[in-house]
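Residue numbers (the numbering used here): -16 to 112.
In what follows, a single structure is set out as structure tokens and then discussed.
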Amino acid sequence: MPSYRLLKEAKLIKTDEFSSVFNFRKRIATEYLALHYQANQLQRPRLGLVVGKKTAKLAVSRNYMRRVLRELFRLQQHEISAADIILRVQKKFDKRDFQLIKLEFNALVVKLNQRLARAEINHDKGHEA
RNA sequence: GAAGCUGGCUAGACAGUCGCCGUUCACAUUUAACUUGCCAGUUUACUGGCAUGGUUAAAUGGGGAAGCCCCCUGCGGGUUCCCUUUAGUGAAGGGAGGAAAGUCCGGGCUGCAUAGAGCAAGAUGACGGCUAACGGCCGUCCGUCGAAACCUUCAAAGGCGCAAGCCCUGGAGCAUAAGGCGCGGAAUAGGGCCACAGAGACGAGCGUAUUAAGUUACGGUGAAACGCGGUAACCUCCAUCUGCAGCAAGACCAAAUAGGCUGGCAUUUUUACGCAAGUAAAUAAGGCGUGGUUCGCGCUGCCAGCGGGUAGGUUGCUUGAGCGCACAAGUAAUUGUGCGCCUAGAUGAAUGACUGUCAGCUUUAGCAAUAAAGCCUACAAAACCCGGCUUAUCGGCCAGCUUCACUU
RNA sequence: GCGCCCGUAGCUCAUUUGGAUAGAGUAUCGGUUUCCGAAGCCGAGGGUAGUGGGUUCGAAUCCCGCCGGGCGCG
């Protein structure tokens, strides 16, 4: 039985960790979200969130977006391959858009897993060659 | 009853599943420290072993598998087993606001500075009170705004009436109610400014008339005119207040790397002192890098300890000018006494997601009861803590004030 | 947590200090020129100075409260 608890180990904390993911320069974007990622050596994915003041002026709406994304990550964490992920909100959304955001998030996860799997294969091939 | 206004309270409710952050308790495991008893070595103080001894502190995850059980059938819970690792489960109770906001004032707290006074700079400004303090609050005075009511007046269509007039409607004006707003000191302490118009705009002078006499009166404009005006939200003066910084304050613990200090080791040669050991000063050798080589150029070893200190962590961190009730003092702000209560502490930043029922609002249908659909709400989220101010705000409830009309 | 600056025509800026007509360039529209355009020339419209209040005879300008935008320090 997998646990859906969200632990401190599953979060990106330090500025260095954030910058290293950004510098890796891999990015998947949809209308509302942008996902930066970098494969890590841990057994689990780690999440960092960026919600800029530019996307929503009010702290309330920024907090809402953060919490929704964290919840989605929490429920999906075992389907996501091991990588450091930063979710960046590009466009404001609220409670009415929840289903839309859920679909976008799922699409992002699928895409991410595909890309990581492909990278794994290429990496192995490179080793054999 | 109508209209206008003021103040206070509240900020959907209940239940379920998963999840987050503190607090407390219980038991279990691991680690560390201290301690008790026994045994052995050896000696009068240590070392080792044992107890599944005691106390304290800290931490308590991750992955996998099949079956069974439970219910509100789910991304659910329970149970069993395996792998890895130093390593967890359960229970109770709590978890955003009236503005948490803007950061406009005032304090607490903390560090630094500080004999006293002054200058500079900034702030405040009726009078009296409240307060830890304030630019806040309360009371009074003053100024100003303030109604569809009252009063005055005007207009016009209609109604009633023989007529005077009345009713109704609209416009204007006056003085106001409750209430709102007000940086509300000083203009002979001094300086500056006062457009256009006007003869003249801050110094008095000019014109006309008049008189013994610059004696007296008047002067189309203009906000202000013959006067020792107006303006201090122009400079200024007077009175009062203010040391500077801010929890990223401050305190403690403390990696890696570089550098500092101390000690030891390694090390070429020369000189001085000394019988010697050695001490002191200078110096290069050696090694490494560059280079085909000599020359040349650049760098200077190892170990231990100490202190400062960065990342990081802990603390400050929530019991406080606290909240509620009662009584008393006071017109009130507020204060005193008694009793009761404990109410968020995150730090890439917890307070969330989903579901159901009932309220609430909107729309549609309907005479109505009600039904269906939608919204699950306004403004908005703590970041050391308080007292205010200002601004944003869907509704709901309660209390009070003023004016007018009607009834008794 | 502190500190500072800016909002004027559709756009870019003057006028603000020291109060009294809100002005220039560009864009728009009309005319002229041309076979038709462009450029040029002539003319016109466009503003209650971000917003609300106050001081004053008079406010873009002085004072206060909001709204929006930007910058700096730790």
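Just so you know, even glycine gets a beta-carbon here, dropped at the ideal spot from N, CA and C.
Item: Rounded Cβ spacing between G35 and L(-5) (contact assumed at less than 8 angstroms); Value: About 16 angstroms; that fails the 8 angstroms criterion.
Item: Whole-number beta carbon distance between K74 and T38, since they are thought to touch under 8 angstroms; Value: 7 angstroms
Item: Coil, strand or helix - K40 by DSSP; Value: coil
Item: Touching by the beta-carbon criterion (3+ pairs, under 8 angstroms), the region 61 to 71 and the region 13 to 21; Value: yes
Item: Counterpart residues of L30 in DSSP-defined beta bridges; Value: K(-6), I68
Item: Per-residue DSSP class, three states only, for Y47; Value: helix
Item: Distance, L58 Cα to Q97 Cα; Value: 19 angstroms
Item: Which of helix, strand or coil DSSP assigns to Q21; Value: strand
Item: Enclosing beta strand (DSSP E) for I63 [first to last residue]; Value: No beta strand (DSSP E) contains I63, which DSSP labels as neither H nor E.
Item: Spatial distance of M48 from R10 (CA atoms); Value: 20 angstroms
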